[in-house]
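As given, the protein sequences belong to chains A and B, one line each in that order. Taking the numbering used here, the leading residue of the first sequence gets 1, the next gets one more, and so forth. Taking the numbering used here, the leading residue of the second sequence gets 322, the next gets one more, and so forth. These notes concern the structure reproduced below.
Protein chains: 2
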Amino acid sequence: MHSLEELGKKFAAHFSTDHFPAEPASLYDPNRYFLSLGGKRIRPLLVLMGNELFDDIKPDAWQVANAVELFHNFSLIHDDIMDAASLRRGMPTVHHKYGSNTAILAGDVMLVKAYEYLNMVSKDVSRPLIALFNRTAAEVCEGQQLDMDFETQPEVGLDAYLNMIRLKTSVLLAAALQMGAIIGGAGKGNQQHLYAFGENLGIAFQVQDDYLDAFGDPAKFGKEPGGDIRQNKKTFLAIHTWEVADETQRRLLTELAASQSADKVPQVLAIMKACGVDEWAVALKQQYFDRAMQHLDEVAVVSGRKEVLTELAHFLVQRDY
Amino acid sequence: MHSLEELGKKFAAHFSTDHFPAEPASLYDPNRYFLSLGGKRIRPLLVLMGNELFDDIKPDAWQVANAVELFHNFSLIHDDIMDAASLRRGMPTVHHKYGSNTAILAGDVMLVKAYEYLNMVSKDVSRPLIALFNRTAAEVCEGQQLDMDFETQPEVGLDAYLNMIRLKTSVLLAAALQMGAIIGGAGKGNQQHLYAFGENLGIAFQVQDDYLDAFGDPAKFGKEPGGDIRQNKKTFLAIHTWEVADETQRRLLTELAASQSADKVPQVLAIMKACGVDEWAVALKQQYFDRAMQHLDEVAVVSGRKEVLTELAHFLVQRDY
Numbered sequence: 001m002h003s004l005e006e007l008g009k010k011f012a013a014h015f016s017t018d019h020f021p022a023e024p025a026s027l028y029d030p031n032r033y034f035l036s037l038g039g040k041r042i043r044p045l046l047v048l049m050g051n052e053l054f055d056d057i058k059p060d061a062w063q064v065a066n067a068v069e070l071f072h073n074f075s076l077i078h079d080d081i082m083d084a085a086s087l088r089r090g091m092p093t094v095h096h097k098y099g100s101n102t103a104i105l106a107g108d109v110m111l112v113k114a115y116e117y118l119n120m121v122s123k124d125v126s127r128p129l130i131a132l133f134n135r136t137a138a139e140v141c142e143g144q145q146l147d148m149d150f151e152t153q154p155e156v157g158l159d160a161y162l163n164m165i166r167l168k169t170s171v172l173l174a175a176a177l178q179m180g181a182i183i184g185g186a187g188k189g190n191q192q193h194l195y196a197f198g199e200n201l202g203i204a205f206q207v208q209d210d211y212l213d214a215f216g217d218p219a220k221f222g223k224e225p226g227g228d229i230r231q232n233k234k235t236f237l238a239i240h241t242w243e244v245a246d247e248t249q250r251r252l253l254t255e256l257a258a259s260q261s262a263d264k265v266p267q268v269l270a271i272m273k274a275c276g277v278d279e280w281a282v283a284l285k286q287q288y289f290d291r292a293m294q295h296l297d298e299v300a301v302v303s304g305r306k307e308v309l310t311e312l313a314h315f316l317v318q319r320d321y
Numbered sequence: 322m323h324s325l326e327e328l329g330k331k332f333a334a335h336f337s338t339d340h341f342p343a344e345p346a347s348l349y350d351p352n353r354y355f356l357s358l359g360g361k362r363i364r365p366l367l368v369l370m371g372n373e374l375f376d377d378i379k380p381d382a383w384q385v386a387n388a389v390e391l392f393h394n395f396s397l398i399h400d401d402i403m404d405a406a407s408l409r410r411g412m413p414t415v416h417h418k419y420g421s422n423t424a425i426l427a428g429d430v431m432l433v434k435a436y437e438y439l440n441m442v443s444k445d446v447s448r449p450l451i452a453l454f455n456r457t458a459a460e461v462c463e464g465q466q467l468d469m470d471f472e473t474q475p476e477v478g479l480d481a482y483l484n485m486i487r488l489k490t491s492v493l494l495a496a497a498l499q500m501g502a503i504i505g506g507a508g509k510g511n512q513q514h515l516y517a518f519g520e521n522l523g524i525a526f527q528v529q530d531d532y533l534d535a536f537g538d539p540a541k542f543g544k545e546p547g548g549d550i551r552q553n554k555k556t557f558l559a560i561h562t563w564e565v566a567d568e569t570q571r572r573l574l575t576e577l578a579a580s581q582s583a584d585k586v587p588q589v590l591a592i593m594k595a596c597g598v599d600e601w602a603v604a605l606k607q608q609y610f611d612r613a614m615q616h617l618d619e620v621a622v623v624s625g626r627k628e629v630l631t632e633l634a635h636f637l638v639q640r641d642y
């Protein structure tokens, strides 16, 4: 068994190869650039940890870890175009630096490269493994589409939002764990519990993300809070606030959504607090975190093997920065 | 053995299924719409014909035929965004009808669906087959990128243009045939000749396409010729004209490129004819067509089995409409 830190170092070393040919540089340099921006590389670690929960890390796990990380980067490149985001990890996004057309193609060829790694997986596991990868890839696209759809919908229910987050964020974490488990030789039941662990952890993570954007301590959080509120973004908090607000509060929220005034953020925060949305969010996060840990608990391996995943779960979700 | 017409009908029936889930309709309806626009479905036919050249059509061929056609449609959806094309087959393109963001995602999920079909292929052929598919998919992206790069390059050599066309157009035809051959149990040598047949045929087809756009009979061609000239598009003809033109002709070509006057097309055509570019193009097309047929000739099966491919080659390249 490896520690979180060891796995992180091992994967970083493994991944720091040139995944693309030299030419045409106009297509592949953008991908090299984007990968050089780094990232937490959580998803490939989940593959390795899913494998190591059941058995020593097998060569297949490294191929799948690469594929999952490349898929994640493909989706970020395309999402940044759609969201018209100019910065990612403090640096220009691919479409901002190289133009949207190149960013579309660079993403496409990054996805193809992910499938090249998947095609190297042993035949005894390849079919269920790639089927899970494909289903997940489609779901991530569905989640992004729903997210865009919600932008123009006046009201989005909490269940619909939860489902969008599940597709956009959680299923890839869940699938990374399950793919690792498949490689590690886990049975169906263990695979499903591990998937459910990832799924619930992803939602807990997103609730926390939304919470921190509103109520995070700027000193620890590293950025000015309230960005989501300023942009009228639909978040767990915004949706729940609307659901529990009274008529007067709803009228004020509607006015504030149309306003750009300096006290927009504190005013919305005040309504959220008056509605108890901050405590609600903390409880919701805890609920999904607990559900995740229950599923991890159900995985039939000795608890010592689960320590790294428990550590990662706390690292991802209990952060207050 | 099936005739071209029989194979066309069989594939049309096989392909006319709903490849996508109902929901989210905002993501999948655009793909259903685009596939409903039809198309010649040449590439899947090449898979079936590549298979049937060596053996009865196997179930794998139908999966790969679907994958190849979906890949082709994915690339058209994304290319139309990059080319800012508003019409495809006389109907609005996906990005024109549903917006660029949805078109990016719809293309992405179409590509994922292609891989779903590939994941159903028998294990005994899946690895070389998917490796060829992946290499080809990356090459098609490279070709599109080079095509975009050329737009802003003042001079493009004939070899560079030829390589771009090979990547953007030919390799998918070639790979479709070879994938069929792999499924049909062909040996390496036969696979390579069939690939080279498709590669050269694709180039002959593109030379003809460029030729018809300049010199085609409007009555047979179905559209006003000279579109490429009006848009200053780099084509086989434009590149060769520039290479053989004298100083005076080059000056005039440069002036005409900047002009929008009504006699731009006839004037460029006059220079092309004065340089003998029309005859050059006919000879170039014939050269690639002959080379294609030589490779088909080298495939070691009785010539009767090759009749359908010969028919298709003539259908694709000897058309004067």
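Glycine included, C-beta positions come from ideal geometry on N, C-alpha and C. This structure is a prediction, so every number in the text was calculated from the model and none was measured.
*asked:* Taking the beta carbon of His19 of chain A as the centre, do at least 16 other beta carbons fall within 10 Å, making it buried, or is it exposed?
replied: buried
*Where do the ends of the alpha helix (DSSP H) carrying Glu344 of chain B lie?*
Run containing Glu344 of chain B: none; DSSP gives neither H nor E here.
*Step through the CB atoms of chain B and report whether any lies within less than 8 Å of the CB of His78 of chain A.*
yes
_I'd like the span of the alpha helix (DSSP H) that includes Lys123 of chain A, first residue to last._
123–151
*Out of curiosity, what's the CA-to-CA distance linking Val301 of chain A and Gln191 of chain A?*
12 Å
*Distance between Glu151 of chain A and Asn232 of chain A (C-alpha atoms, nearest Å)*: 9 Å
_Quick check on His271 of chain B: buried or exposed, where buried means 16 or more other Cβ atoms within 10 Å of its Cβ?_
This structure does not reach residue 271 of chain B, given that chain B is present from 322 up to 642, and the question cannot be answered.
*Go to Glu568 of chain B, then tell me how far its alpha helix (DSSP H) extends in each direction, as first and last residue.*
568–579
*Beta-bridge pairing of Leu87 of chain A - partner residues as DSSP gives them*: A:Pro92
*Start-to-end residues for the alpha helix (DSSP H) that takes in Gly187 of chain A*: Segment: none, Gly187 of chain A is in no alpha helix (DSSP H) and carries neither H nor E.
_Only counting the same chain, and skipping five residues up and downstream in sequence, which positions put a Cβ closer than 6 Å to that of Arg612 of chain B?_
Asn521
*Going by alpha carbons, who is nearest to Ala61 of chain A out of A:Gln208, A:Met293, A:Gln178, A:Ala257?*
A:Gln178
_Let me check understanding here. Comparing Cα to Cα, which of A:Arg88, A:Val308, A:Gln318, A:Ile182 lies closest to Ala65 of chain A?_
A:Ile182
_Separation of Gly38 of chain A from Tyr321 of chain A, as counted between CA atoms_ = In this prediction, Tyr321 of chain A has a pLDDT of 49, which is less than 50 and means its spatial position is unreliable; what the coordinates show is noted afterwards. So the alpha carbons of these two residues sit roughly 20 Å apart.
_Buried or exposed, going by whether 16 or more other CB atoms sit within 10 Å of the CB of Leu408 of chain B?_
exposed
*Label Arg364 of chain B either buried or exposed according to how many other C-beta atoms from any shown protein chain fall within 10 Å of its C-beta, with 16 as the threshold for buried.*
buried
*Can you tell me which of B:Leu432, B:Tyr419, B:Leu348 puts its alpha carbon nearest to the alpha carbon of Phe395 of chain B?*
B:Leu432
_Ser491 of chain B at chain A interface by Cβ criterion, 8 Å_ = no
*When DSSP labels each residue in this structure, what does Gln267 of chain A get in the three-state scheme?*
helix
*For Ala333 of chain B, return the contacting residues in chain A, with the cut-off set at a CB-CB distance below 7 Å.*
Chain A residues near Ala333 of chain B: none, gap ~25 Å exceeds 7 Å.
*Do Met82 of chain A and Asn352 of chain B have their C-beta atoms closer together than 8 Å?*
no
*Could you check what DSSP says for Asn440 of chain B in three-state terms: helix, strand or coil?*
coil
*Cα-Cα, which of A:Ile77, A:Glu6, A:Phe34 is closest to Leu45 of chain A?*
A:Glu6
_Along the chain, where does the alpha helix (DSSP H) containing Asp60 of chain A start, and where does it finish?_
59–82
*Name the two residues that bound the continuous alpha helix (DSSP H) containing Val282 of chain A.*
277–298
*Using a beta-carbon distance below 8 Å, is Tyr195 of chain A in contact with chain B?*
no
_For Ile104 of chain A, would you say it is in contact with chain B, using Cβ-to-Cβ distances shorter than 8 Å as the test?_
yes
*asked:* For Ala578 of chain B, which residues in the same chain have their Cβ closer than 7 Å to its Cβ, ignoring the five residues on either side in sequence?
replied: Asn553
*What residues of chain C sit near Lys123 of chain A, judged by a beta carbon separation below 7 Å?*
Included in the structure are the protein chains A and B, with no chain C among them.
*Taking Tyr211 of chain A as the reference, give the member of A:Val244, A:Arg89, A:Glu279 with the closest Cα.*
A:Glu279
*Give a yes or no on whether the minimum CB-CB distance between Leu70 of chain A and chain B is below 8 Å.*
no
*What's the gap between the Cα of Pro587 of chain B and the Cα of Ile77 of chain A?*
44 Å
_Option nearest Leu494 of chain B by Cα separation, candidates B:Leu515, B:Gln474, B:Gly510, B:Gly519_ = B:Gly519
_Euclidean distance between Cα positions of Ala566 of chain B and Lys361 of chain B_ = 37 Å
*When the Cα of Asp549 of chain B is compared with those of B:Arg487, B:Ser347, B:Phe536, which residue comes out closest?*
B:Phe536
*Nearest to Thr169 of chain A (by Cα), restricted to the options A:Gln153, A:Val156, A:Leu146*: A:Leu146
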